[in-house]
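Quick notes on the structure that follows.
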Amino acid sequence: MTDSAPTITIDLPPMQDSGPRRARVLMIQGTASDVGKSLLVAGLCRAYARRGLVVRPFKAQNMSNNAAVTMDTDARPGPDGETPRGEIGRAQALQARACGVPPSIHMNPVLLKPQTNIGSQVVLRGRALGNCPARVYHEMRHGLMPAVMDSFERLCAEADLVLIEGAGSGAEIYLRKSDITNMHFAERAGAPVVVLGDLDKGGTMASLVGTWLLLDQADRDRVVGYIVNKFRGDFSLFEPACVTITEHTGWPFVGMVRWFEGAARLPAEDSLALERPAETSGGTLNVAIPRLSRVANFDDMDPLAAEPSVNLRWINPGQPIPAETDVIILPGSKTTRADLDVLRREGWDIDILAHVRRGGRVVGLCAGFQMLGRVVRDPLGIEGDPGETLGLGLLDIETEIGGDKRLIEIDGEDRRSGCRITGYEMHMGRTSGAGLERPWLRLVDGGDPRPEGAISPDGRVMGGYLHGIFGADAFRAHWLEQVGALSSGLDFEARTEAALDALADHCEACLDLDALLKLAR
Numbered sequence: 107m108t109d110s111a112p113t114i115t116i117d118l119p120p121m122q123d124s125g126p127r128r129a130r131v132l133m134i135q136g137t138a139s140d141v142g143k144s145l146l147v148a149g150l151c152r153a154y155a156r157r158g159l160v161v162r163p164f165k166a167q168n169m170s171n172n173a174a175v176t177m178d179t180d181a182r183p184g185p186d187g188e189t190p191r192g193e194i195g196r197a198q199a200l201q202a203r204a205c206g207v208p209p210s211i212h213m214n215p216v217l218l219k220p221q222t223n224i225g226s227q228v229v230l231r232g233r234a235l236g237n238c239p240a241r242v243y244h245e246m247r248h249g250l251m252p253a254v255m256d257s258f259e260r261l262c263a264e265a266d267l268v269l270i271e272g273a274g275s276g277a278e279i280y281l282r283k284s285d286i287t288n289m290h291f292a293e294r295a296g297a298p299v300v301v302l303g304d305l306d307k308g309g310t311m312a313s314l315v316g317t318w319l320l321l322d323q324a325d326r327d328r329v330v331g332y333i334v335n336k337f338r339g340d341f342s343l344f345e346p347a348c349v350t351i352t353e354h355t356g357w358p359f360v361g362m363v364r365w366f367e368g369a370a371r372l373p374a375e376d377s378l379a380l381e382r383p384a385e386t387s388g389g390t391l392n393v394a395i396p397r398l399s400r401v402a403n404f405d406d407m408d409p410l411a412a413e414p415s416v417n418l419r420w421i422n423p424g425q426p427i428p429a430e431t432d433v434i435i436l437p438g439s440k441t442t443r444a445d446l447d448v449l450r451r452e453g454w455d456i457d458i459l460a461h462v463r464r465g466g467r468v469v470g471l472c473a474g475f476q477m478l479g480r481v482v483r484d485p486l487g488i489e490g491d492p493g494e495t496l497g498l499g500l501l502d503i504e505t506e507i508g509g510d511k512r513l514i515e516i517d518g519e520d521r522r523s524g525c526r527i528t529g530y531e532m533h534m535g536r537t538s539g540a541g542l543e544r545p546w547l548r549l550v551d552g553g554d555p556r557p558e559g560a561i562s563p564d565g566r567v568m569g570g571y572l573h574g575i576f577g578a579d580a581f582r583a584h585w586l587e588q589v590g591a592l593s594s595g596l597d598f599e600a601r602t603e604a605a606l607d608a609l610a611d612h613c614e615a616c617l618d619l620d621a622l623l624k625l626a627r
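The opening residue of the sequence shown carries number 107 in this note's numbering; numbering runs sequentially from there.
So, in structure tokens, the structure goes:
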């Protein structure tokens, strides 16, 4: 995309005539980012689905580099003719799971994947349109509203209840005219709004009353109540604050959600969660992960963090990689070359090479795999300025960024152990080189088995494009044994399902879900 506002032409498949809207809808907006909207919607999705309702999640626009692959018949086919697939934010994929249904591009029709401080890759209904400066996207997003509304109506046609998640704060009135995801969307969708405040952040009274103060009367009238989230302690001490909030706003207090200790057992939406990492301790295996500037799909590490034998630590800028580290994992990134520059600026490249000389192990996932090679080229400037950047040189491979984005769910096996692995690919780079003659994995993606990734001659450096690989229990157990740790026998998928059930139980205990459902219309 250029620096001028592009003309967006969206070819929308015709909507089947389904008569009057089937679903009731309710929107959860927040007073700020990271107040718990995504988690609350996931809990409500599971709770209402357990009551027998057909529930669907929806978020018009999400900004996150944590994404999930979808399979949709109206998404476009993959670059090699694979089954049509798209991508949506990880939070909506988790909410879909809470509903007991596969994720769909219609649950999050617009996904922004930050590449710089002032620009993002724009993904519309699963398809990457290109890179766009923030000021240009601000001008163009009204052109996306037809697709947003079409996706929303499709969900409403198949569900009893659609739970809508807002983005950031709904009170950013300077964005109101170009808004496609908060109050402007609520107006178009006829959605009643519940505002969520975060007591853990502090300033809850001011944020709720300030939200009311900034909204115009029509938007104030759309709000049917507010919820106080992340509460710890004696609620009777906060009740006078609720009286004051209602006196100033006229909005009824519709519930308080206590702090949910199980939140760490569910994937986080974006890298804000890494600012307060839940480091593990007490294990025997020290795993270090450099926190890259555009880290992506960092939930790849969640299964390892859940293992008691693993001390998993995210290394923040300004910190060296500890010498006692056993394994360094280079995670995914939205901008491989820029994050290679980050590695060098922070001195992490020196730490990694010294780690390998001491006999340590390194694993690269997706962009991290690309960084392990000799060079990464981006001749078309897809991820930034055109050019090339030297890699770490630990694998005899090189990568060129370009072509269609590869979005595919994968089934295969680890070549060394024979253990089944599953996951997904989500990248635009193509990798070549002699190092691929020693592949890490064997994948099956609808055709003949194919090799994937690379392993160094001494077996201590390996990488590949597969996300989610550590979620495969048997593979994870074998890998831990190979690097000198013990597996707990954890069933990671069952753990995630149990966490969603616990979250739904938590919502049932904290809120009057019958009364909340009556607010939907």
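A virtual CB, placed ideally from N, CA and C, is assigned to each residue, including glycine.
In this text, all values refer to a predicted model and were calculated from it rather than measured experimentally.
In the three-state DSSP reduction, Asp306 falls in the helix class (H, G or I). Straight through space, the alpha carbons of Arg450 and Ile456 are spaced by roughly 8 Å. The C-alpha of Gly389 is placed about 12 Å away from the C-alpha of Arg419.
Around the Cβ of Ser342, a 10 Å sphere holds fewer than 16 other Cβ atoms; the residue is exposed. Apart from sequence neighbours up to five positions away, no residue of its chain approaches Ala615 with a beta-carbon distance below 6 Å. Between Leu159 and Leu269, the C-beta spacing is not below 8 Å. Annotation: the segment 468 to 525 contains the following complete segments of the alpha helix (DSSP H) (minimum length 4 residues), in chain order: 473 to 477. Contact between Leu446 and Asn417 is absent: CB atoms are separated by about 26 Å, not below the 8 Å threshold. Linking Glu245 to Leu200 through their CA atoms gives a straight-line distance of about 30 Å. Looking at the backbone, the Cα of Arg157 and that of Leu617 are separated by about 15 Å. Residue nearest to Ala560 within the set Arg544, Asp306 and Gln198 is Arg544 (criterion: CA-CA distance). Every beta strand (DSSP E) of 3 residues or more that sits fully in the segment 254 to 325 is shown, in chain order, as 267 to 275 and 299 to 304. The C-beta separation of Val300 from Tyr280 comes to about 23 Å, leaving the pair out of contact by the 8 Å criterion. Setting aside the 5 residues that flank it on each side, Ser313 is surrounded in the same chain by Thr137, Ala138 and Gly303, each with a C-beta closer than 7 Å to its C-beta; the list follows chain order.
Taking C-beta atoms as the reference points, Leu609 and Gly368 count as a pair closer than 8 Å. Under DSSP, His533 forms a beta bridge with Arg512. Approximately 7 Å separates the beta-carbon atoms of Thr537 and Gly479; this is inside 8 Å, confirming the contact. If you compare the alpha carbons of Arg522, Val468, Phe404 and Val363 with that of Pro437, the shortest gap goes to Phe404. The shortest C-alpha to C-alpha distance from Arg521 to any of Leu549, Gly276, Glu489 and Val216 is the one to Leu549.
Here Ala591 carries a coil assignment [DSSP, helix/strand/coil]. Rounded to the nearest angstrom, the Cβ distance from Leu132 to Asn168 is 18 Å, too far for a contact under 8 Å.
Within the model, the alpha-carbon separation for Lys165 versus Trp546 is close to 37 Å.
Bridge partners of Ile194 according to DSSP: Ala174. Burial is judged here by how many other beta carbons sit within 10 angstroms of a residue's own beta carbon; Glu353 has fewer than 16 and is exposed.
Ile434 is bridged by DSSP to Ala394 and Val468.
The DSSP-derived three-state label of Trp585 is helix. Distance between Gln323 and Arg294, taken at the CA atoms: about 16 Å. DSSP, read as helix, strand or coil, puts Lys440 in coil. Taking the Cα positions, Ser226 is about 5 Å away from Lys219. In this structure, the straight-line span from the alpha carbon of Ala370 to that of Leu606 is close to 11 Å. Annotation: the continuous alpha helix (DSSP H) that includes Ser144 extends over Lys143 to Arg156.
By the beta-carbon neighbour count (other beta carbons within 10 angstroms, threshold 16), Lys440 is buried. His533 is not a Cβ neighbour of Phe366, given a cutoff of 8 Å.
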